[in-house]
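Asker: Okay, handing you the structure first.
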Amino acid sequence: GRLPPTIRSRCQHVAFAVPSWQEGIAWLEVRGIPPERGELLLRLAGGAPLAVLRVFDEPYLKRRIEIATCLDRLIQGTNPLELARMFVRADAEADLRVIHGIIADALRLRLTGTTESVRNRDLVPLLRSLDRAMEGRGLYAVLDAVTTDRRAAVSASNPNIGLLFEALLIEMRGY
């Protein structure tokens with residue numbers, strides 16, 4: 001998709017299907033990832049085993065739990081400005097991607113009533129808490145805000161990350 005159209009028009013398109021769930025878990029197991037862990041990672045990666053190896057490593061999982069804990073503390077009433085400090089020295093786009101996934105899962109859970117389509121299945125209690133705390137309209141508004149913030153974080157505008165997360169967490173708290 002990043003190739004210029006003039007080059008793409010001269011290329012043959014070959015579509016590769018995502019491997020089956022069992023193939024993905026088996027492939028990850030050969031690479032040293034236990035099946036239980038592989039299932040969680042594969043779910044987070046949307047079924048793409050190569051993405052598991054490229055993005056979803058142990059530091060990512062640790063940071064994901066830290067962010068989930070932060071969101072839980074926000075729901076419990078912790079000051080958003082205090083919580084925003086944990087994001088200042090981190091990779092803003094990666095953190096926003098995690099928040100986006102958690103909020104999207106809370107919406108999936110709300111809309112379907114089941115955990116079948118939820119990627120962050122280990123965070124279901126948090127997802128239910130977010131759903132109760134923000135309700136559908138708030139979840140949509142926060143998802144839009146996170147999407148906007150993700151664009152800003154990777155843009156050339158060089159936003160103040162501390163202020164970006166303060167505003168996001170205050171908005172989340174408002175719902």
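First residue of the sequence shown? That's 1 in the numbering used here, and the numbers climb one at a time after it. Idealized CB from N, CA, C, for every residue including glycine. These figures come from a predicted structure and were not determined experimentally.
Out of Tyr-140, Gly-138, Glu-82, Gly-174, which one is the CA nearest neighbour of Leu-163?
Answerer: Glu-82
Asker: Once the 5 residues before and after Leu-126 are set aside, which same chain residues still bring their CB inside 6 Å of it?
Answerer: Closer than 6 Å at the Cβ level, and outside the excluded window around Leu-126, lie Ala-68, Asp-72.
Asker: Where does Tyr-175 sit, in a helix, a strand or coil, going by DSSP?
Answerer: coil
Asker: Can you look up Cys-11 in the DSSP assignment and give me helix, strand or coil?
Answerer: coil
Asker: Quick one: complete alpha helix (DSSP H) runs, 4+ long, within the region 66 to 111?
Answerer: 80 to 84
Asker: On the three-pair Cβ rule with 8 Å, is the region 85 to 96 touching the region 149 to 168?
Answerer: yes
Asker: Would you give the residue range spanned by the alpha helix (DSSP H) that Ser-129 belongs to?
Answerer: 124 to 154
Asker: Check for me: the alpha helix (DSSP H) holding Leu-3 runs from which residue to which?
Answerer: Note, Leu-3: premise wrong, no alpha helix (DSSP H); not H, not E.
Asker: Inspect the CB distances between the region 12 to 31 and the region 103 to 117 and report whether three or more fall short of 8 Å.
Answerer: Between the region 12 to 31 and the region 103 to 117 there are fewer than three inter-stretch CB-CB distances shorter than 8 Å, so the stretches are not counted as touching.
Asker: Only counting runs of 4 or more residues, tell me where the alpha helix (DSSP H) segments fall wholly within the region 22 to 50, in order along the chain.
Answerer: Inside the region 22 to 50, DSSP marks whole alpha helix (DSSP H) runs of 4 or more residues at positions 35 to 44, from first to last along the chain.
Asker: Go ahead and pull the three-state DSSP assignment for Glu-58.
Answerer: helix
Asker: By a C-beta neighbour count over all protein chains shown, 10 Å radius and 16 as the cutoff for buried, is Ile-25 buried or exposed?
Answerer: buried
Asker: Could you tell me whether any non-hydrogen atom of the ligand MG is closer than 7 Å to the CB of Ala-104?
Answerer: Of the ligands one can find in the structure shown there are none, so the ligand MG has no counterpart to examine.
Asker: By Cβ distance below 6 Å, which residues in the same chain neighbour Arg-64 in space, the five residues on each side in sequence not counted?
Answerer: Val-98
Asker: Let's test the definition: count the other Cβ atoms within 10 Å of the Cβ of Asp-57 and tell me whether it reaches 16, buried, or not, exposed.
Answerer: exposed
Asker: To the nearest angstrom, report how far apart Val-52 and Pro-59 are at their CA atoms.
Answerer: Computed Cα separation, rounded: 12 Å.
Asker: Phe-165 by DSSP, collapsed to three states: which one?
Answerer: helix
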